[in-house]
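For reference, the structure discussed in these notes is given below.
There are 2 protein chains.
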Amino acid sequence: MDLTAKHQPTIDRAIKAIHERTFFAQYPEHPSPKIYGEEADKAGREKFQAQVGKKFEELLQAPTDVWLGDEESPYLQEKLNIKYPAYSANNLVSKADEAFHQWRKVAPAERAAILVESLERVKARFFEIAYATMHTTGQGYMMAFQASGPHAADRALEAIAMGYEELTRFPEKVVWDKPMGKYNLVLNKAWRAIPKGVGLVIGCSTFPTWNSVPGMYASLVTGNPVIIKPHPGAILPIAIFVAELQKLLKEQGLNPNICQLGVDSFSQMITKELAEDPRVKLIDYTGNSGFGSYLEGLNNKVVFTEKTGVNAAIIDSVVDIDKVIGNLAFSLSLYSGQMCTAPQNFYIPASGIKTPDGVVSFDEFAQKFADNIKGLVENPKAGPFVLGAIQNKNTCTRVDEAAHTQGKVWLSSGEIENPMFKNARTATPVVLEINAQNKEGFSRELFGPIALLIKTNDTSQSVALAKEMALAHGAISCGAYTTDAATKELIADEMSLAATPVSFNLTGGIYVNQHAAFSDFHVTGGNPAGNASFTNPEYVIKRFTWVGFREPA
Amino acid sequence: MDLTAKHQPTIDRAIKAIHERTFFAQYPEHPSPKIYGEEADKAGREKFQAQVGKKFEELLQAPTDVWLGDEESPYLQEKLNIKYPAYSANNLVSKADEAFHQWRKVAPAERAAILVESLERVKARFFEIAYATMHTTGQGYMMAFQASGPHAADRALEAIAMGYEELTRFPEKVVWDKPMGKYNLVLNKAWRAIPKGVGLVIGCSTFPTWNSVPGMYASLVTGNPVIIKPHPGAILPIAIFVAELQKLLKEQGLNPNICQLGVDSFSQMITKELAEDPRVKLIDYTGNSGFGSYLEGLNNKVVFTEKTGVNAAIIDSVVDIDKVIGNLAFSLSLYSGQMCTAPQNFYIPASGIKTPDGVVSFDEFAQKFADNIKGLVENPKAGPFVLGAIQNKNTCTRVDEAAHTQGKVWLSSGEIENPMFKNARTATPVVLEINAQNKEGFSRELFGPIALLIKTNDTSQSVALAKEMALAHGAISCGAYTTDAATKELIADEMSLAATPVSFNLTGGIYVNQHAAFSDFHVTGGNPAGNASFTNPEYVIKRFTWVGFREPA
Chain A
8 MDLTAKHQPT IDRAIKAIHE RTFFAQYPEH PSPKIYGEEA DKAGREKFQA QVGKKFEELL
68 QAPTDVWLGD EESPYLQEKL NIKYPAYSAN NLVSKADEAF HQWRKVAPAE RAAILVESLE
128 RVKARFFEIA YATMHTTGQG YMMAFQASGP HAADRALEAI AMGYEELTRF PEKVVWDKPM
188 GKYNLVLNKA WRAIPKGVGL VIGCSTFPTW NSVPGMYASL VTGNPVIIKP HPGAILPIAI
248 FVAELQKLLK EQGLNPNICQ LGVDSFSQMI TKELAEDPRV KLIDYTGNSG FGSYLEGLNN
308 KVVFTEKTGV NAAIIDSVVD IDKVIGNLAF SLSLYSGQMC TAPQNFYIPA SGIKTPDGVV
368 SFDEFAQKFA DNIKGLVENP KAGPFVLGAI QNKNTCTRVD EAAHTQGKVW LSSGEIENPM
428 FKNARTATPV VLEINAQNKE GFSRELFGPI ALLIKTNDTS QSVALAKEMA LAHGAISCGA
488 YTTDAATKEL IADEMSLAAT PVSFNLTGGI YVNQHAAFSD FHVTGGNPAG NASFTNPEYV
548 IKRFTWVGFR EPA
Chain B
8 MDLTAKHQPT IDRAIKAIHE RTFFAQYPEH PSPKIYGEEA DKAGREKFQA QVGKKFEELL
68 QAPTDVWLGD EESPYLQEKL NIKYPAYSAN NLVSKADEAF HQWRKVAPAE RAAILVESLE
128 RVKARFFEIA YATMHTTGQG YMMAFQASGP HAADRALEAI AMGYEELTRF PEKVVWDKPM
188 GKYNLVLNKA WRAIPKGVGL VIGCSTFPTW NSVPGMYASL VTGNPVIIKP HPGAILPIAI
248 FVAELQKLLK EQGLNPNICQ LGVDSFSQMI TKELAEDPRV KLIDYTGNSG FGSYLEGLNN
308 KVVFTEKTGV NAAIIDSVVD IDKVIGNLAF SLSLYSGQMC TAPQNFYIPA SGIKTPDGVV
368 SFDEFAQKFA DNIKGLVENP KAGPFVLGAI QNKNTCTRVD EAAHTQGKVW LSSGEIENPM
428 FKNARTATPV VLEINAQNKE GFSRELFGPI ALLIKTNDTS QSVALAKEMA LAHGAISCGA
488 YTTDAATKEL IADEMSLAAT PVSFNLTGGI YVNQHAAFSD FHVTGGNPAG NASFTNPEYV
548 IKRFTWVGFR EPA
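Chains A and B, in that order, give the protein sequences. Each step along the first sequence adds one to the number in the numbering used here, with nothing skipped, and position 495 is 502. Each step along the second sequence adds one to the number in the numbering used here, with nothing skipped, and position 245 is 252.
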């Protein structure tokens with residue numbers, strides 16, 4: 008069956024979902040045997056284990072003598088010793104530039120269908136990708152499965168669908184017939200969506216597929232070849248995506264270098280050389296703000312960034328304080344605060360939080376919050392799986408330092424034992440109190456399981472500070488709790504001016520951290536936390552140029 | 008009648024036109040008495056004449072003691088002595104920032120309707136604007152009417168419609184209902200299109216409304232207040248647009264400072280101060296490349312530029328050489344080459360141009376071209392009206408210098424007499440021969456009536472040079488003549504990679520210079536001639552940010 012006929016219905020369904028923005032998922036998020044097969048989990052785990060210590064030989068890139076790989080499992084604190092073929096930046100860009108002239112001539116519908124087919128093939132490897140993600144990022148099993156597998160594939164499909172819609176938004180050709188009085192002026196007009204050129208996707212260490220596939224697929228669907236430059240600490244999950252796509256491209260008689268993996272090592276990074284190559288026209292980046300701002304400043308590139316932010320939780324008034332605290336404690340603890348959407352700055356009025364049962368004082372809130380986190384992390388059936396492991400040693404250092412430099416410590420960080428991985432690198436959340444006047448103390452991202460309880464004069468100060476932080480330092484999420492309609496609108500209006508999405512009054516099984524494909528615009532692109540959004544129209548439109556042609560009929 | 012009900016059909020029609028891209032015009036381009044009324048022309052001329060030498064007192068901006076105005080008529084070579092109220096950059100931005108918070112809360116449909124109504128009111132002043140345009144830009148009467156009146160209004164409507172479509176592309180709110188197995192997770196989600204902030208529109212001296220209203224209306228429809236900073240040499244045409252909009256805003260109970268005119272003088276420009284104000288988030292600019300590139304380099308701004316380019320005509324093979332030459336001669340002569348779309352570099356193979364009647368040699372082409380231009384400009388019934396007058400004295404100097412620094416002169420520039428304006432500043436086209444090897448001689452824009460006939464080895468060199476110039480220095484148009492299908496595709500493909508639109512085989516009453524609203528993407532945004540296009544989706548999308556809100560249902 009031809010791929011276009013096979014996948015056009017999926018693409019159409021995805022476009023519809025983008026417009027309706029109600030719940031839609033192409034790829035089931037539950038790692039259930041009923042959905043993915045009885046053997047899928049075991050087979051995936053074994054496949055991952057068999058890869059450890061070996062060369063990753065699935066890529067269809069040119070033979071090379073250079074094999075690199077620095078990955079280390081945060082659960083084992085041991086090197087994975089998986090080696091990947093490595094190439095110079097110039098070699099990668101030259102091969103991409105060559106592949107460009109083939110790929111750009113493939114029709115948008117055909118490109119989109121090939122890309123959807125690649126996701127279908129990756130689907131068969133979701134469990135293997137889950138284990139690869141656990142042992143590079145430190146994510147818990149469930150998050151590793153969901154984020155790197157189905158959720159990433161949904162985000163990729165979203166980018167494909169959005170791109171396809173924009174590419175086909177205007178007619179390929181029309182007859183332009185202008186009445187001129189005595190005669191008509193008739194022109195044949197045609198338009199082509201011209202891809203910009205070589206794309207570069209720079210991955211991060213914590214979400215190696217979820218944060219990379221949107222840019223990868225957005226560039227590809229719009230006709231640009233891409234080079235995936237993974238973080239040296241988290242290669243395997245995205246390498247599997249690339250390998251599956253390369254095999255499919257070859258099957259389709261296309262150049263596998265349309266999508267290359269450009270691996271480097273901590274000791275010799277090729278990112279800058281790739282980014283500065285004049286043939287590289289598009290850059291997608293997730294990572295720290297310093298490097299992101301450097302990329303945004305490069306000339307003659309279209310750059311999409313997701314950088315760091317200072318996320319707020321604004322607590323004004325609640326219906327059920329315990330449910331709220333349970334929700335916030337989980338949000339902070341999930342993957343040990345290593346999500347770009349995790350809350351950090353908790354703004355609480357000095358006068359306390361209004362509830363139907365009276366005011367909960369600042370101190371009561373702090374104590375309950377600390378107790379709830381303690382209960383969660385010390386629960387052996389929950390803690391290790393919710394917290395996962397710490398990807399980067401520096402995060403542990405940051406947690407330690409936070410406790411020494413800030414105000415009152417409501418909860419100290421510690422280690423917990425993971426029943427499956429005795430050597431897991433862990434750090435439980437630290438909760439600190441800080442006064443609103445001590446602005447310097449909370450004016451930067453403290454990546455990791457660090458919560459700052461900021462005592463404000465009142466909710467309007469809370470909102471003003473949350474907005475100020477978002478405008479100055481970026482923000483990707485904001486959780487807000489209020490039972491008052493006017494306060495709610497104040498928060499929505501003020502945070503909207505700082506281009507920060509707000510989740511109101513979340514309790515139960517939904518967390519401020521979670522952004523859903525086809526519905527939530529992840530990172531708005533309107534504050535310093537990043538200049539791009541998964542996946543708004545801008546995210547795909549900037550990857551190609553409309554060029555018109557006309558001729559008398 | 009309420010404006011939304013009145014104008015929604017027009018907006019819907021315009022959106023349809025944008026998608027169909029067949030001929031559409033809301034505003035008739037013929038200054039015919041039957042369309043615009045028997046008295047319209049005379050009344051417009053008299054209104055313009057009555058304004059000369061006086062204060063322009065129609066604006067609803069704050070009282071001021073400072074009145075400025077440097078405009079001079081290229082037809083009279085005399086100062087117009089019209090004075091406009093002037094304000095400091097800080098004053099303008101502060102007032103815009105204040106108006107922002109009112110305008111952003113007006114619903115998109117209402118904003119769009121108010122803006123369409125403003126165009127309807129401007130329509131009644133098209134003739135007055137035409138005379139104002141003639142006597143600031145030097146355009147001939149017909150172009151001044153069409154470009155500054157109906158064509159500009161169509162471009163403005165296009166921007167309003169595109170903006171409105173994007174603003175209403177996603178639902179305002181939905182119920183998001185996710186099956187979780189044992190229960191459903193139900194969230195109310197809502198999205199708002201948040202405008203970026205104060206917009207600045209920097210005008211040029213040659214097309215004071217056509218090049219400014221797209222950015223002005225695109226920023227306004229998306230909820231941003233704008234400051235129009237006209238070129239000191241061409242204020243009145245756009246001042247009339249601003250005045251009409253301000254009066255309408257006031258009628259609607261809105262702050263007229265939602266759209267301000269920010270006039271300055273040649274001796275004391277406020278453009279940089281406006282552009283660098285951190286509250287200014289959006290900049291639209293038409294003008295020279297140096298200043299455009301400076302603006303593009305400003306941090307934390309969304310900048311839309313139309314700069315300069317080196318436009319090509321590629322001549323390979325033709326059906327009727329005389330018709331082709333007639334078309335090209337007119338394109339070059341129209342408004343004395345002062346259009347951003349005028350051809351400059353004419354690439355002709357040394358072996359000549361193939362025709363059904365045999366090869367036309369390079370020299371024959373050059374002679375015929377020079378003769379045709381001579382015939383056109385010396386025809387008293389055509390020349391003065393096609394050429395118009397020279398806006399800027401420097402253009403005359405450039406024409407003079409060109410003749411001295413380049414190769415063989417096929418046609419010298421001279422002055423012609425305008426029967427209506429004895430003092431008109433004129434310069435007829437100069438035509439020079441230059442060898443393809445002398446690349447430096449044709450590697451820059453020579454704004455004005457200057458044609459370079461470049462002798463190439465063959466058409467493939469012609470195409471390579473045209474592409475190289477477009478990639479290095481920008482290009483806004485390309486005219487190409489070929490009767491060979493493969494050559495045509497080569498030209499389309501290569502020029503598309505330089506993001507340059509191509510008009511093939513134009514003869515008769517259509518010229519490479521003319522870009523139509525609702526059909527042609529003017530300036531692709533993909534080469535150094537500019538980073539924005541009238542009006543592709545990107546042109547409006549970047550003016551606002553999607554921000555989402557969600558809450559358990």
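Virtual Cβ for every residue (Gly too), placed ideally from N, Cα, C.
Residue i to residue j span [Cα, whole Å]
i: E78 (chain B); j: T143 (chain B); result: 6 Å
i: I322 (chain A); j: I360 (chain A); result: 7 Å
i: F107 (chain A); j: E165 (chain A); result: 23 Å
i: S358 (chain B); j: T463 (chain B); result: 9 Å
i: G344 (chain B); j: P350 (chain B); result: 8 Å
i: S368 (chain B); j: A168 (chain A); result: 52 Å
i: A341 (chain A); j: S510 (chain A); result: Sequence inspection shows Leu at residue 341 (chain A); the Ala mentioned does not correspond to that position. L341 (chain A) and S510 (chain A): Cα-Cα distance of roughly 17 Å.
i: P202 (chain A); j: V113 (chain B); result: 37 Å
i: N379 (chain A); j: A241 (chain A); result: 32 Å
i: R132 (chain B); j: M149 (chain B); result: 15 Å
i: F273 (chain B); j: P239 (chain B); result: 6 Å
i: V470 (chain A); j: N98 (chain B); result: 28 Å
i: Q56 (chain B); j: E558 (chain A); result: 42 Å
i: P92 (chain A); j: E283 (chain A); result: 22 Å
i: T507 (chain B); j: T514 (chain B); result: 20 Å
Coarse secondary structure for residue i, derived from DSSP in three states
i: G297 (chain A); result: helix
i: N218 (chain B); result: coil
i: T561 (chain B); result: This structure does not reach residue 561 (chain B), given that chain B is present from 8 up to 560, and the question cannot be answered.
i: K400 (chain B); result: helix
i: H480 (chain A); result: helix
i: P356 (chain B); result: strand
i: T412 (chain B); result: helix
i: D72 (chain B); result: coil
i: Y91 (chain B); result: strand
i: S324 (chain A); result: strand
i: F541 (chain A); result: strand
i: R405 (chain A); result: helix
i: G156 (chain A); result: helix
Contact list for residue i against chain B, beta-carbon separation under 8 Å
i: R28 (chain A); result: F177, P178, V181, W183, K196, W198
i: T293 (chain A); result: Ordered by position in chain B, no residue passes the 8 Å Cβ test against T293 (chain A), which lies about 19 Å from the chain.
CB contact below 8 Å: residue i versus chain B
i: K549 (chain A); result: yes
i: L504 (chain A); result: yes
i: D329 (chain A); result: no
i: M150 (chain A); result: no
i: M427 (chain A); result: no
i: I18 (chain A); result: no
Amino acids of chain A, ordered along the chain, whose beta-carbon sits closer than 7 Å to that of residue i
i: D527 (chain B); result: G555
i: L192 (chain B); result: G516, I517
Beta-carbon neighbours of residue i, restricted to chain B and to distances below 7 Å
i: N543 (chain A); result: W553
i: L513 (chain A); result: P559
Within chain A, the residues that residue i reaches when beta carbons sit closer than 8 Å
i: E501 (chain B); result: Within chain A, no residue comes near E501 (chain B); the closest Cβ sits about 11 Å away, beyond 8 Å.
Residue i: CB within 7 Å of a non-hydrogen atom of the ligand SAH
i: I548 (chain A); result: The ligand SAH is absent from the structure shown, which contains no ligand whatsoever.
is_contact[residue i, chain A] using C-beta, thresh 8 Å
i: P508 (chain B); result: yes
Next item on the list: Taking only runs that begin and end inside the segment 256-280 of chain B, name each unbroken alpha helix (DSSP H) of 4 or more residues, in chain order.
Entry: none
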